[in-house]
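> Numbering (this note's numbering), first residue to last: 1 to 355.
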């Protein structure tokens, strides 16, 4: 194949049904009107991918090529301002622009939402075609692998700033030091908050320490609520961010115990079902505010990239593994089972991503 020439076919990893993933050789996608073809240089595995794989995520349409967190370079049909070689990350949410939520500036609640890597083929592949409007330029010095986790960071950014309205001086507790919890930690610290974070996995807590956590607590070793009560002198936290989700049935009740009167609990974790208990009487009596956080607003990828480029946020400690495309299932298992120190695993479908 001549330099610069694109192949006719590519490798992809397809989720066919719950618990059934296979590798596939398929035709290279063709960029349609208003689309660009991206050579995927880095694709971050996500907890949502695990939920979809295990059949616990309703927002997926099967069969589908997974991969909604990715970065790469434009290689075809770039159009004005997007020449071949243009370094970028990609906003995976595609909105209608016409519903009441899109018109009111809340596209994350779009009633006709599509999602690259969930309802449309994503970046567990060597190439992917995406709307040009979803392309976000990577600043000089920001690597492909860091760019690939902007979806996680921007989701946490929205939860911390828009939903939780966390600001300088707030006392914040974060439940869960996985990728989304660590990103929430990074944003909250950039805002000037005091942050305590909990997890049952020691190496995650070490990553949290290196990312600036003021206190880390392992509830398996010590009562979480009692330790956090010490940290606030019994007053409770101004804000609590639930970043665990899954099949947990205690985290929301625990959050309501450690938040202060009239404090705010932000639900950011993706839960496997709708049977999570909430202490309704405590919520009423203490006027606790419980708010959900989904996705992000337009422009927040770029805002997060500015924080990265300015050195105000460093995600390095959570980017733990880089693996080739054919090991995608192994990477999901590493994250699901919390093996080998895995926090965020990066697929490199076209070889080492470099910068």
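C-beta atoms are modelled at their ideal positions from N, C-alpha and C, and glycine is treated no differently.
From a predicted model like this one, the values you see are computed outputs, not experimental measurements.
Starting from the C-beta of residue 322, find all residues in its chain whose C-beta is less than 6 angstroms away, skip the five residues before and the five after it, and write them out in chain order.
Here residue 322 is taken as the residue at index 322 of the chain shown, counted from 1. Correct list, in chain order: 346 and 348.
> By the three-class DSSP mapping on this structure, what secondary structure does residue 189 have?
By 1-based counting over the chain shown, the position of residue 189 is 189. Here residue 189 sits in helix by DSSP.
> Measuring CA to CA, which of 217, 8, 88 and 50 is closest to residue 15?
Numbered from 1 along the chain shown, position 15 holds the residue referred to as residue 15. Residue 50 is the option with its Cα nearest to residue 15.
> Where does residue 68 sit, in a helix, a strand or coil, going by DSSP?
Within the chain shown, the letter at position 68 stands for residue 68. Three-state result, residue 68: coil.
> Put residue 320 into one of helix, strand or coil per three-state DSSP.
The residue you call residue 320 lines up with position 320 of the chain shown. Residue state, collapsed to three classes: strand.
> I need the straight-line Cα distance from residue 42 to residue 95, nearest angstrom please.
Within the chain shown, numbered from 1, the residue matching residue 42 stands at position 42. Within the chain shown, numbered from 1, the residue matching residue 95 stands at position 95. Spanning the two alpha carbons is a distance of roughly 24 angstroms.
> Starting from residue 307, follow the alpha helix (DSSP H) in both directions and report where the run begins and ends.
As a first step, residue 307 is located in the chain shown; it is residue number 307 there, counting from the start. Run containing residue 307: 300-309, per the alpha helix (DSSP H) assignment.
> Specify whether the segment 24-43 and the segment 75-94 touch according to this definition: at least 3 beta carbon pairs, one from each stretch, less than 8 angstroms apart.
yes
> Out of 303, 184, 123 and 150, state which residue places its alpha-carbon closest to the alpha-carbon of residue 195.
Reading the chain shown from its first residue, position 195 is the one you call residue 195. The shortest Cα separation from residue 195 among 303, 184, 123 and 150 belongs to 184.
> Count the other CB atoms within 10 Å of the CB of residue 352; is the residue buried (16 or more) or exposed (fewer)?
Locating residue 352 in the chain shown gives position 352, where the first residue counts as 1. Residue 352 is exposed by the Cβ-count criterion.
> When burial is assigned at 16 or more other CB atoms within 10 Å of the CB, is residue 339 buried or exposed?
Taking the first residue of the chain shown as position 1, residue 339 is located at position 339. Residue 339 comes out exposed.
> Assuming residue 343 contacts residue 209 (C-beta within less than 8 angstroms), just tell me the rounded distance between them.
For the purposes of this step, residue 343 is identified with residue 343 of the chain shown, where counting begins at 1. For the purposes of this step, residue 209 is identified with residue 209 of the chain shown, where counting begins at 1. So it is not a contact: roughly 13 angstroms between Cβ atoms.
> I believe residue 237 touches residue 258 by the beta-carbon criterion, under 8 angstroms. Please report the beta-carbon distance rounded to the nearest angstrom.
What you label residue 237 is simply residue 237 of the chain shown in a count that begins at 1. What you label residue 258 is simply residue 258 of the chain shown in a count that begins at 1. Residue 237 to residue 258, Cβ: 6 angstroms. Contact.
> Short check: CB of residue 82 to CB of residue 132, under 9 angstroms?
Walking along the chain shown from the start, residue 82 turns up at place 82. Walking along the chain shown from the start, residue 132 turns up at place 132. Against a cut-off of 9 angstroms, the Cβ pair of residue 132 and residue 82 comes out as a contact.
> By how many angstroms is the C-alpha of residue 232 removed from the C-alpha of residue 215?
Residue mapping note: residue 215 aligns to position 215 of the chain shown, counting from 1. Residue mapping note: residue 232 aligns to position 232 of the chain shown, counting from 1. If I take the Cα positions, the gap works out to 11 angstroms.
> Using alpha carbons as the reference points, say which of 256, 65 and 198 lies closest to residue 26.
Here residue 26 refers to the residue found at position 26 when the chain shown is read from its first residue. It is 65.
> Is it the case that the CB of residue 125 approaches a heavy atom of the ligand NAP more closely than 8 angstroms?
Annotation note on the ligand NAP: not contained in the displayed structure, which lists no ligands.
> Should residue 44 and residue 145 be called a contact, given that it needs their Cβ atoms to be closer than 9 angstroms?
In the chain shown, counting from the first residue as 1, residue 44 sits at position 44. In the chain shown, counting from the first residue as 1, residue 145 sits at position 145. Yes, Cβ-Cβ distance for residue 44 and residue 145 is below 9 angstroms.
> Less than 9 angstroms separating the beta-carbons of residue 298 and residue 107?
Position 298 of the chain shown, counting from 1, holds the residue named residue 298. Position 107 of the chain shown, counting from 1, holds the residue named residue 107. It is a contact, given that the beta carbons lie within the stated cut-off.
> For the putative contact between residue 244 and residue 151, defined by C-beta atoms under 8 angstroms, what is the C-beta separation to the nearest angstrom?
To locate residue 244, count along the chain shown from 1; it is residue 244. To locate residue 151, count along the chain shown from 1; it is residue 151. In fact, because the Cβ distance is near 19 angstroms, the residues do not count as touching under 8 angstroms.
> Within the continuous alpha helix (DSSP H) that includes residue 235, where are the two ends?
Mapped onto the chain shown, residue 235 falls at position 235. Residue 235 -> no alpha helix (DSSP H), and no H or E assigned at all.
> Buried or exposed: residue 161, going by 16 or more other Cβ atoms within 10 Å of its Cβ?
By one-based count along the chain shown, residue 161 stands at place 161. Around the C-beta of residue 161, 16 or more other C-beta atoms lie within 10 Å, and the residue is accordingly described as buried.
> Mark residue 296 as exposed unless 16 or more other C-beta atoms lie within 10 angstroms of its C-beta, in which case mark it buried.
Sequence index remark: in the chain shown, residue 296 carries index 296 (1-based). Buried.
> Considering only the alpha carbon of each residue, which of 102, 105 and 201 lies closest to residue 218?
Locating residue 218 in the chain shown gives position 218, where the first residue counts as 1. If we check each option's Cα against that of residue 218, 201 comes out closest.
> As an exercise, report each continuous beta strand (DSSP E) stretch of at least 3 residues that is fully enclosed by the segment 118-193, in chain order.
127-131, 135-137 and 171-175
> Within the same chain, show all residues whose beta-carbon is closer than 6 angstroms to that of residue 55, passing over the 5 residues directly before and after it, in chain order.
Residue numbering aside, residue 55 sits at position 55 when the chain shown is read from its first letter. Only 18 meet the Cβ criterion.
> Which stretch, first to last residue, makes up the alpha helix (DSSP H) that contains residue 50?
For this step, residue 50 is matched to residue 50 along the chain shown. 47-53 is the span of the alpha helix (DSSP H), which, as asked, contains residue 50.
> What is the residue span of the beta strand (DSSP E) that residue 263 lies within?
The count along the chain shown starts at 1 and reaches residue 263 at position 263. First-last of the beta strand (DSSP E) with residue 263: 259-267.
> Based on Cα-Cα distance, which residue from 148, 212 and 168 lies nearest to residue 177?
In the chain shown, counting from the first residue as 1, residue 177 sits at position 177. Relative to residue 177, the option among 148, 212 and 168 whose CA is nearest is 212.
> Let me know the secondary structure DSSP gives residue 89 once reduced to three states.
To locate residue 89, count along the chain shown from 1; it is residue 89. Reduced to three states, the DSSP call for residue 89 is strand.
> Can you tell me which of the three DSSP states residue 271 falls into?
Taking the chain shown and counting its residues from 1, the one referred to as residue 271 is at position 271. Collapsing the DSSP output to three states places residue 271 in a strand.
> In terms of alpha-carbon separation, which member of 247, 270, 316 and 293 lies closest to residue 147?
The count along the chain shown starts at 1 and reaches residue 147 at position 147. Closest by alpha carbon: 316.
> Please identify the residue among 261, 98, 121 and 123 whose C-alpha is closest to the C-alpha of residue 111.
What you label residue 111 is simply residue 111 of the chain shown in a count that begins at 1. Residue 111 has its Cα closest to that of 98, out of 261, 98, 121 and 123.
> Classify residue 96 as helix, strand or coil using the three-state DSSP reduction.
Taking the first residue of the chain shown as position 1, residue 96 is located at position 96. If DSSP states are grouped into helix, strand and coil, residue 96 belongs with coil.
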